[in-house]
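Visitor:
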Amino acid sequence: MRHFLNIVSYVFHPLFVPIGGTLIYFLITPKYTSLEIQSGNILPIFILTVIIPIIFFLILKNLGIINSIFLPTLKERKYPLYINAIIIFMILYKVIPNNYVPELFYFFLGLLMAIGATLILLFLRIKTSIHLLGMGSILMFMIGLSIHFEINITLAISLFTLLTGLVATSRLYLNAHSKMELLIGFFIGVLSQMLILKYWL
Numbered sequence: 024m025r026h027f028l029n030i031v032s033y034v035f036h037p038l039f040v041p042i043g044g045t046l047i048y049f050l051i052t053p054k055y056t057s058l059e060i061q062s063g064n065i066l067p068i069f070i071l072t073v074i075i076p077i078i079f080f081l082i083l084k085n086l087g088i089i090n091s092i093f094l095p096t097l098k099e100r101k102y103p104l105y106i107n108a109i110i111i112f113m114i115l116y117k118v119i120p121n122n123y124v125p126e127l128f129y130f131f132l133g134l135l136m137a138i139g140a141t142l143i144l145l146f147l148r149i150k151t152s153i154h155l156l157g158m159g160s161i162l163m164f165m166i167g168l169s170i171h172f173e174i175n176i177t178l179a180i181s182l183f184t185l186l187t188g189l190v191a192t193s194r195l196y197l198n199a200h201s202k203m204e205l206l207i208g209f210f211i212g213v214l215s216q217m218l219i220l221k222y223w224l
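For what it's worth, the working numbering labels the leading residue of the sequence shown as 24, then goes sequentially.
1) Under 8 Å, do Phe183 and Met163 count as touching if we go by C-beta distance?
2) Suppose you measure from the CA of Met113 to the CA of Phe128; what does that come to, to the nearest Å?
3) By Cβ distance, which residues of its chain are closer than 8 Å to Ala108, with the 5 residues on each side in sequence left out?
4) Skipping 5 residues on each side, what residues in its chain have a beta carbon closer than 8 Å to that of Ile82?
5) Would you kindly check if the distance between the Cβ of Ser181 and the Cβ of Leu28 is under 8 Å?
6) Would you kindly check if the distance between the Cβ of Arg148 and the Cβ of Leu94 is under 8 Å?
7) Answer with buried or exposed for Val34, where buried requires no fewer than 16 other C-beta atoms within 10 angstroms of its C-beta.
8) For Tyr116, which of Gly87, Ile174, Tyr105, Ile68 has the nearest alpha-carbon?
9) Going by C-alpha distance, which of Ile60, Phe172, Leu156 is nearest Val118?
10) Just the C-alpha distance for Tyr123 and Met24, rounded to the nearest angstrom, thanks.
11) So which of His200, Gln216, Leu168, Leu195 has the shortest CA-CA distance to Lys54?
12) What is the DSSP secondary structure of Tyr55, counted as helix, strand or coil?
13) Can you tell me whether Asn85 is buried or exposed? The criterion is at least 16 other CB atoms within 10 Å of its CB, across all chains shown.
14) In chain order, what residues of the same chain have a beta carbon less than 8 Å from the beta carbon of Leu145, not counting five sequence neighbours either side?
15) Less than 8 Å between C-beta atoms, sequence neighbours within five positions excluded: which residues of the same chain meet that for Val190?
16) Between the C-alpha atoms of Thr187 and Pro120, what's the straight-line distance to the nearest angstrom?
17) I think Ile174 touches Gly44, with their Cβ atoms under 8 Å apart; what is that distance to the nearest whole Å?
18) Looking at the structure shown, is His26 part of a helix, part of a strand, or coil, going by DSSP?
19) Tell me the residue span of the alpha helix (DSSP H) that contains Ile166.
Shown next as structure tokens:
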């Protein structure tokens, strides 16, 4: 069981949330988007949010600043969150405007807000589950896309809700977070996306 839940924690690592939300958008949207727009968003977002953070992780680990990809302590979370915030800002400022997709722009704006809220709580010595923050963000984004495009993706939303519960179970089982930390992370993710729905729905 421990091995399975460890795999769940890796597969649904917050590192994959930005590219996951981007892929989900292009899978769900009924709007025609050219291959140029798709590749112009997917490729740079993948490089910026997956490849570059992995490189930074290896550098920080070699420097002894962090010890695990799951960032178990408050001190270890600070620098990766700063780096993530800068990367998300770069995507909002440079990547998306070149191949503009409004839904994706607001999804990433919501992620930036969520990271900001997490950093504020970090300074208040409150640990937040970034796994659940990511799952909550994508779940709310999927609900928003369903309403926005008036399409029925209830099955996909139900499946993702189930996966969110599985991720929460894995984090509890592995003693990575308390129930309160999971709830805080989930609600930050959901609320950050919910607050900007009115701008793109």
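All C-beta atoms, glycine included, are put in the ideal place defined by N, C-alpha and C. Predicted, not measured: the structure shown is a model, and the values here were computed from it.
Guide: Looking at the atomic coordinates:
1) In the sequence shown, counting from the first residue as 1, residue 183 sits at position 160. In the sequence shown, counting from the first residue as 1, residue 163 sits at position 140. No, the pair does not count as a contact, with Cβ atoms beyond the cut-off.
2) One-based indexing of the sequence shown puts residue 113 at position 90. One-based indexing of the sequence shown puts residue 128 at position 105. About 12 Å.
3) Position 85 of the sequence shown holds residue 108. Cβ within range, chain order: Leu135, Ile138, Gly139, Leu142.
4) Indexing the sequence shown from 1 puts residue 82 at position 59. Within the same chain, Ile82 has no close Cβ partners at all.
5) By one-based count along the sequence shown, residue 28 stands at place 5. By one-based count along the sequence shown, residue 181 stands at place 158. 8 Å or more divides the Cβ of Leu28 from the Cβ of Ser181.
6) The residue labelled residue 94 in the question sits at position 71 within the sequence shown. The residue labelled residue 148 in the question sits at position 125 within the sequence shown. Not closer than 8 Å, so no.
7) Stepping through the sequence shown from its first residue, residue 34 is reached at position 11. Exposed is the call here.
8) As a working mapping, residue 116 is identified with position 93 in the sequence shown. Closest option to Tyr116, judged by alpha-carbon separation, among Gly87, Ile174, Tyr105, Ile68: Ile68.
9) As a working mapping, residue 118 is identified with position 95 in the sequence shown. When only C-alpha atoms are compared, the closest one is Ile60.
10) Taking the sequence shown and counting its residues from 1, the one referred to as residue 123 is at position 100. Taking the sequence shown and counting its residues from 1, the one referred to as residue 24 is at position 1. Their Cα atoms are separated by approximately 43 Å.
11) Along the sequence shown, read from residue 1 onward, the residue named residue 54 stands at position 31. For the residues His200, Gln216, Leu168, Leu195, the minimum Cα distance to Lys54 belongs to Leu168.
12) Reading the sequence shown from its first residue, position 32 is the one you call residue 55. Of the three classes helix, strand and coil, the one that applies to Tyr55 here is coil, per DSSP.
13) Reading the sequence shown from its first residue, position 62 is the one you call residue 85. Flag for Asn85 reads exposed.
14) For the purposes of this step, residue 145 is taken as residue 122 along the sequence shown, with counting starting at 1. Excluding sequence neighbours, Leu145 sits near Leu97, Arg100, Lys101, Leu104, Thr151.
15) Translated into the one-based positions of the sequence shown, residue 190 becomes position 167. Closer than 8 Å at the Cβ level, and outside the excluded window around Val190, lie Val31, Ser32, Phe35, His154, Leu155, Met158.
16) Here residue 187 corresponds to residue number 164 of the sequence shown, with the count starting at 1. Here residue 120 corresponds to residue number 97 of the sequence shown, with the count starting at 1. If I take the Cα positions, the gap works out to 31 Å.
17) Numbered from 1 along the sequence shown, position 151 holds the residue referred to as residue 174. Numbered from 1 along the sequence shown, position 21 holds the residue referred to as residue 44. The beta-carbon separation of Ile174 and Gly44, rounded to 17 Å, does not stay under the 8 Å limit for a contact.
18) Walking along the sequence shown from the start, residue 26 turns up at place 3. Three-state DSSP puts His26 in a helix.
19) As a working note, residue 166 is residue 143 in the sequence shown. Looking at the DSSP string, the run of the alpha helix (DSSP H) that includes Ile166 is 153–172.
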